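Chains as they are written, first to last, in my numbering: chain A, 5 to 473; chain B, 5 to 473.
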């Protein structure tokens with residue numbers, strides 16, 4: 005036999021997702037979507053391909069370089085999106101008059117970045133974004149954080165949401181006359197936790213040109229949130245810190261602090277424990293478009309993998325595409341990073357199949373009976389797979405075992421003749437014979453740990469069961 | 005003010021999907037996924053980008069031309085997938101030893117084709133594929149058709165599934181000595197319904213080189229299924245038609261007919277009405293890889309838009325990538341065409357938002373109370389949006405009206421002081437005042453047409469309600 009002509013392979017940094025991961029991934033995604041919808045967020049869709057000019061220069065030099073950009077068949081300069089925020093900006097510029105404000109949307113979609121592949125990082129990954137645009141209110145900031153918190157609560161993951169306010173950082177820079185250097189300073193500060201003070205000091209000296217005194221004061225500022233026993237303690241320390249600042253700086257800082265206090269009050273109203281929120285003054289978030297609150301989410305048991313949900317407030321989402329000012333706030337769940345994290349924590353249940361019951365038919369002459377039994381079990385809300393060919397029972401049981409299907413309904417000659425089922429529990433090996441279809445459904449429900457559904461009264465006539473007693 | 009530097013626009017043949025369509029689209033997708041899972045199909049994911057050699061030459065010359073193909077940053081020759089079948093073939097070649105056979109998977113994903121944009125046809129669209137691979141049994145064919153039928157039943161759409169068997173077509177060609185010309189003949193026959201006999205006669209003459217007698221016999225064959233009162237009548241007519249055929253042809257035809265009879269028997273066992281199945285001998289399905297049963301699905305009320313779910317059986321899915329023979333059967337729902345169809349039929353309910361209740365807070369000092377009420381309503385399973393800023397009540401009601409949110413919970417000074425809610429029904433204008441949070445939840449459920457949930461007994465102590473009576 006000739007060698008197959010084409011080697012089956014995937015591109016570097018890309019991957020197939022097999023059912024054992026794809027099933028819990030789909031479940032996780034569905035949970036997130038249900039949370040978004042429970043807060044009244046609506047889905048939108050945008051194209052994966054955009055005109056390159058729409059996407060270029062919106063993230064950073066790095067995202068520009070990492071873009072999948074090419075000329076399409078019509079010689080248009082096009083690129084695959086690298087995030088969902090830039091497409092939202094373009095979408096808002098085009099459609100905000102149709103959807104109105106405030107507008108809250110979620111968007112679950114794939115994005116592409118040709119970055120160096122690393123553990124748990126791929127060139128193609130899903131993002132789950134949710135934003136409220138058209139309002140400057142801190143109530144919207146709190147609503148986004150509440151959604152974040154609820155997402156992780158729903159997934160059963162312990163996490164801490166760390167937040168900061170960009171205005172506090174720029175006020176701090178004003179107190180040391182370093183406003184002009186804010187970009188390199190924020191970039192350096194963002195590395196504090198990972199790289200440590202020494203490395204950041206070096207960067208602040210070489211890249212931002214700060215002197216020793218300025219650097220000392222910056223560290224004094226970021227340390228205000230360390231060892232504070234509560235967020236209100238940090239806020240009170242910040243009030244002291246800015247007390248001696250110039251009037252203009254003081255006013256700006258006070259405004260930011262009032263916003264944070266409102267956010268914390270609303271979050272407390274939502275029942276979120278103050279201890280799962282952490283005002284951390286060293287957080288800057290790289291992207292330049294944030295102007296207000298910024299936040300990120302660390303898994304308590306696995307902080308190393310970095311933030312699994314980040315975002316912040318921006319003053320003007322779509323200024324490149326429209327004159328209308330569109331302030332907003334939003335966050336993004338890194339689904340695939342989160343998935344990798346949960347896999348590492350062992351909290352992700354791998355599954356080989358979605359089926360709960362396998363129906364095994366042993367002769368072709370009984371295939372229609374198998375279909376009938378399958379349809380009735382399925383109509384009772386149980387996920388059931390009819391084994392799709394005639395094979396020996398041993399082979400069908402082996403299949404159920406390999407796929408971790410817990411229950412097998414066996415239909416042989418005797419079952420066919422008497423219109424009954426035999427139920428085999430794969431874990432115990434126990435068999436129940438001569439079950440009517442109603443008994444079969446009830447027993448399968450019990451074995452699956454669900455309340456046994458009563459037979460549908462419409463089908464058996466009303467109260468038939470009662471009359472029998 | 006300066007003109008924004010970049011014109012916001014999408015590429016020709018691409019589009020944004022706004023909430024009013026995206027919400028029912030997401031609901032539809034979720035319904036389909038639930039059907040797939042109820043039959044034990046498991047999700048997989050594959051990359052949107054593949055090596056071009058994996059995708060080229062697998063569909064047709066047309067799909068090759070329509071491919072988005074380019075050199076990536078690493079100079080690799082890559083392309084965006086144009087369907088989900090070729091990626092499945094590549095996936096199976098790489099992973100079939102891990103997942104085992106029979107293997108049933110579904111795959112919901114975006115595909116790209118640079119075809120001429122038409123009404124309801126875009127260059128980017130979603131496919132929902134489901135396949136069973138690793139078996140040649142007609143039971144699997146029936147299982148796929150059962151899933152198709154169940155999908156449309158779930159969506160509340162009347163449809164007819166038309167099917168045929170490739171072997172019957174090739175047997176018919178054998179009886180007129182035209183086996184060599186099967187590709188142009190099948191391509192022509194596939195156009196019978198749309199183009200009519202005259203046009204197809206022309207094509208059969210010019211493209212396939214058939215003479216008058218051959219063409220007459222081909223039409224005699226395709227007409228066997230016309231005006232038949234049942235599928236078994238068509239099968240019986242086919243047995244007559246092939247009676248005089250050469251022995252080898254007769255055996256092959258009989259085998260195909262037996263398979264179709266088994267499929268019909270299993271479908272009848274699943275409770276599917278024979279009248280919603282139509283053995284139609286003029287169906288060939290364009291793609292060359294089908295070898296057995298082929299099928300397509302027409303909306304009864306809107307046949308013009310073409311098939312919304314098509315597929316068939318293939319002998320060897322992955323022969324280009326592996327020596328292992330992988331027979332299978334599958335189908336694909338054209339989600340976006342279906343969506344366009346349902347929109348045209350007016351059966352799609354446009355929705356402006358997922359929210360069922362809007363919580364309106366009137367003063368910043370009460371924002372945390374609004375968050376608390378929202379959280380409690382949400383915990384009862386109601387989708388609730390906290391209006392994300394402080395605005396006049398009239399403005400918040402206008403928002404609810406525009407978004408079609410049926411219920412508004414109003415929280416003013418009085419409600420805040422007494423920890424109660426006022427509920428406004430937007431359609432009637434009716435207001436209920438002084439509702440406790442438990443009463444609020446119960447009333448919202450009633451207004452939403454759901455069973456009013458009882459207060460959680462754990463929160464009020466057991467049997468408290470009974471003791472009150």
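Glycine is no exception: its CB is placed at the ideal position from the N, C-alpha and C atoms.
Treat the numbers as computed from the prediction; the structure is a model and nothing was measured.
Quick check on residue i: buried or exposed, where buried means 16 or more other Cβ atoms within 10 Å of its Cβ?
i: residue 392/A; result: buried
i: residue 14/A; result: buried
i: residue 49/B; result: buried
i: residue 218/B; result: buried
i: residue 271/B; result: buried
i: residue 121/A; result: exposed
i: residue 366/A; result: buried
i: residue 215/A; result: exposed
i: residue 23/B; result: buried
i: residue 101/A; result: exposed
i: residue 300/B; result: buried
i: residue 468/A; result: Below a pLDDT of 50, predicted positions are generally treated as unreliable, and residue 468/A, at 37, falls in that range; no measurement from the model is reported.
i: residue 46/B; result: buried
i: residue 340/A; result: buried
Measure from the C-beta of residue i to each C-beta in chain B and report whether the shortest distance is under 8 Å.
i: residue 18/A; result: yes
i: residue 392/A; result: yes
i: residue 74/A; result: yes
i: residue 216/A; result: no
i: residue 114/A; result: yes
i: residue 10/A; result: yes
i: residue 325/A; result: yes
i: residue 117/A; result: no
Between residue i and residue j, is the Cβ-Cβ spacing less than 8 Å?
i: residue 436/A; j: residue 452/A; result: no
i: residue 175/B; j: residue 249/B; result: yes
i: residue 162/B; j: residue 277/B; result: no
i: residue 112/B; j: residue 43/B; result: no
i: residue 302/B; j: residue 311/B; result: yes
i: residue 409/A; j: residue 362/A; result: yes
i: residue 76/B; j: residue 55/A; result: no
i: residue 114/B; j: residue 86/B; result: no
i: residue 332/A; j: residue 289/A; result: no
i: residue 377/A; j: residue 439/A; result: no
i: residue 283/B; j: residue 233/B; result: no
i: residue 235/A; j: residue 268/A; result: yes
i: residue 132/B; j: residue 36/B; result: yes
i: residue 476/B; j: residue 285/B; result: Any property of residue 476/B remains undetermined from this structure, which presents chain B solely from 5 to 473.
Looking at chain A, is there any beta carbon in it that lies within less than 8 Å of the beta carbon of residue i?
i: residue 449/B; result: no
i: residue 82/B; result: yes
i: residue 159/B; result: no
i: residue 67/B; result: no
i: residue 4/B; result: For residue 4/B there is no data in the structure shown, the boundaries of chain B being 5 and 473.
i: residue 388/B; result: yes
i: residue 350/B; result: no
State the CB to CB distance for the pair residue i and residue j, rounded to an integer number of angstroms; the pair is presumed to be in contact (CB under 8 Å).
i: residue 297/A; j: residue 107/A; result: Incorrect: roughly 19 Å between the Cβ atoms, too far for contact.
i: residue 156/A; j: residue 40/A; result: At roughly 13 Å, the Cβ-Cβ gap does not stay under 8 Å, so residue 156/A and residue 40/A are not in contact.
i: residue 164/B; j: residue 280/B; result: 6 Å
Measuring straight from C-alpha to C-alpha, what distance separates residue i and residue j?
i: residue 252/A; j: residue 242/A; result: 16 Å
i: residue 177/A; j: residue 29/B; result: 48 Å
i: residue 198/B; j: residue 186/B; result: 20 Å
i: residue 461/A; j: residue 454/A; result: Caution applies to residue 461/A, whose pLDDT of 42 falls short of 50 and renders its modelled position unreliable; the model cannot decide the point.
i: residue 227/B; j: residue 287/B; result: 12 Å
i: residue 293/B; j: residue 322/B; result: 10 Å
i: residue 342/A; j: residue 98/B; result: 26 Å
i: residue 429/B; j: residue 456/B; result: 16 Å
i: residue 127/B; j: residue 275/B; result: 38 Å
i: residue 245/A; j: residue 172/A; result: 11 Å
i: residue 254/A; j: residue 80/B; result: 55 Å
i: residue 146/B; j: residue 434/A; result: 31 Å
i: residue 399/A; j: residue 88/A; result: 47 Å
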